[in-house]
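Chains as they are written, first to last, in the numbering used here: chain A, 1 to 221; chain B, 222 to 442. Worksheet for the structure shown next.
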DNA sequence: CAATAAATCAAGCGATTACTTGAGTATATG
DNA sequence: CATATACTCAAGTAATCGCTTGATTTATTG
C-alpha cells in the first residue's frame, strides 16, 4: 500500500534528526555549538578528532538541519540552526540521565564524585541575583563569556580564580556556572573556592539553559 | 588521555538515546506507545512489520531506557518509560518539521493537501471548552478514547461519524482531534463533516500533547 | 500433558556508519 | 603568482544496523 510507504518515509525523515544526534562525536559537537559558533578547526580541537572526520560529522548535522555554516575568509564557521536544536539536545541529555543508569556511572567517571558539590537551581539563583545576596562567577573561557553571560556575572576563569578568591568577601556566597550540567569547570571552581574558605555552590545547569529559560543575560553587542 | 575516553563514553551514552529514535520504525513505535501501552503483536500490526523485527526494535528501545515492558499472560505489553520520553519525541518531530524541508513534502504525500483543514490551538480550544461554545470529537479508536481523552469530548470514530453528523446542530462549531499533528483521522473527520455542512476544525496537535500540557482530561479509572 | 499463542533468540545477508589516508579546492597573504 | 591555511572530497575498511527465516522459550487452555 502506498500509504504505508508514505508513512514510513515521513517517520524516517523524523528519525533522520535523531540519527544525527545518535553519535557521541556529533553530540559533542552540538554541545560545543550550543555555547556559540565555531570553525571546523576549533571544533576538531575540542572534540579531539581529525579535521576531515569533524567536517564530515558537521555535514551530517547540516543535512539533518541541526547546524548551519557561513564562510569567514578561509574558515567555515558552524552554528546550531536555532535555539530549538539546543533545547532538543538539553532534553535528550535529560532523558538519558533519568532513564539510563549508565549515564550516572559515566558522568562520575568523567567528572569525579560530585557528591560534595552543592547545586543551585536557576530559579533560586535568579531570586538571589535580584536580592543582590550572591556573587555569580562565569568560569568559562573568555570568548564564551564575551559572547554572552548571566547578567551581573563576573568572568573568573579557573587560572585566575586563586587570585580572585583572596579578594572575595568571606561572608558573601558565591555561585559558579559554566557550559552545562556536565561541564567540569564549575565543579573545579567550587572545590577550589571551598578549599580557600569561600562558601561556593554551582548552578545545576549552564549558560545556554539559563538563556533559553528567558532569564536575564548580557549579550555581545 | 583517560579524561577524553571518559568524556567520549559519556557522550556516546547520551547519543544512545538519540540512536534509539534514529530509525523510522522505532520512531513509529514510540509514536504509537505515546497513545498508550500495546503488546508486541499489536505494535507489529500497527507498524506493519514482522513480530520478530518489532520485538527486536522494542528491545533496542528498552536498552536505551525509552520503553518498559510487563508480562500479561502470554503477551508482553510495552509502554513509554515516562512522559518525558513522549515529550522528547514531540520535540524531535517539531525540530524536524521546522528544520527539514522534506518533512513538509513527505507529510503532504502521506496526509494529502491539508490547506483546506482549519486548525485550532490547544489554548484556544481550552478557552472554548470552558465557555461551552464548542463540541469536541475524539476520532481515535475506542480503546484509545477509553484509556483517556480530553475532558468533555465525545467519542466519534470515523465509521460512526456520518450518523453522528446528522444529529449535530448546524450552528455549533465542532473540533476534532486524534493522535497528534501527523494523524489523518482528524483531517478525515473535518473533511467529512464539512461536506455535510458542519463547521469543523481540527486540534493542531493531539491527545498526548494536550495531556502533557496539563489541560483537563478524563482518564480511565 | 499436549496443543496453541505470543514473544524472543540466533544466524545470516546486504546496506550503512565511522573512521583513516591522501588528494583536491577555496581563500587569503607575501 | 606562489605559498600557506582551512576545509572538503573520495576511496577503503572494520564494525554495526535492519531485516528475514527458522528454531526456541514462556505462558495459557482444553
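The beta-carbon is built from N, C-alpha and C at its ideal position, and this holds for glycine as well.
The beta carbons of residue 168 (chain A) and residue 174 (chain A) sit about 7 Å from each other, so the pair counts as a contact at 8 Å. The criterion of a C-beta distance shorter than 8 Å is satisfied by residue 265 (chain B) and residue 275 (chain B).
Residue 166 (chain A) counts as exposed, since fewer than 16 other beta carbons sit within 10 angstroms of its beta carbon. Contact note: residue 205 (chain A) does not reach chain B at a C-beta cutoff of 9 Å; the least C-beta distance is about 15 Å. Residue 161 (chain A) is positioned such that its CB atom lies closer than 8 Å to that of residue 192 (chain A). For residue 314 (chain B), the uninterrupted alpha helix (DSSP H) segment begins and ends at 304-320. The three-state secondary structure of residue 37 (chain A), taken from DSSP, is coil. Boundaries of the beta strand (DSSP E) around residue 290 (chain B): 288-293. Out of A:172, A:203, A:198, the CA that lies nearest to the CA of residue 186 (chain A) is found in A:203.
Where residue 218 (chain A) is concerned, the enclosing beta strand (DSSP E) starts and stops at 217-219.
Note on residue 269 (chain B): under 16 other CB atoms within 10 angstroms of its CB, so exposed under the neighbour-count rule.
The region 288-305 of chain B makes contact with the region 245-262 of chain B, as at least three CB pairs between them are under 8 Å.
Taking 8 Å as the upper bound for CB-CB distance, residue 245 (chain B) and residue 15 (chain A) are in contact here, some 5 Å apart. A contact between stretches requires three or more CB pairs, one per stretch, nearer than 8 Å, and the region 122-138 of chain A meets this requirement with the region 203-214 of chain A. DSSP places residue 185 (chain A) within a helical segment (H, G or I) once states are collapsed to three. Only residues of its own chain outside the window of five on either side were considered, and among them 244, 246, 247, 250, 270 have a CB closer than 8 Å to the CB of residue 278 (chain B), listed in chain order.
Using a Cβ-Cβ distance cut-off of 8 Å, the region 308-316 of chain B and the region 78-88 of chain A are in contact, since at least three pairs of beta carbons, one from each stretch, lie closer than that value. Annotation for residue 66 (chain A): 20, 81, 85 place their beta carbon closer than 6 Å to its own, counting only its chain and skipping 5 residues before and after. Residue 8 (chain A) and residue 331 (chain B) have their C-alpha atoms spaced approximately 9 Å apart.
What residue 299 (chain B) touches in chain A, judged by beta-carbon distance under 9 Å, is nothing: the nearest beta carbon there is about 14 Å away. For residue 369 (chain B), the three-state secondary structure derived from DSSP is strand. Taking residue 10 (chain A) as the centre and dropping the five residues before and after it, the same chain places no C-beta closer than 6 Å to its C-beta.
DSSP lists no beta-bridge partner residue for residue 331 (chain B). With respect to residue 137 (chain A), residue 107 (chain A) sits apart: the two C-beta atoms are not nearer than 8 Å.
Put simply, of A:41, A:97, A:52, A:105 the residue whose alpha carbon is nearest the alpha carbon of residue 74 (chain A) is A:41.
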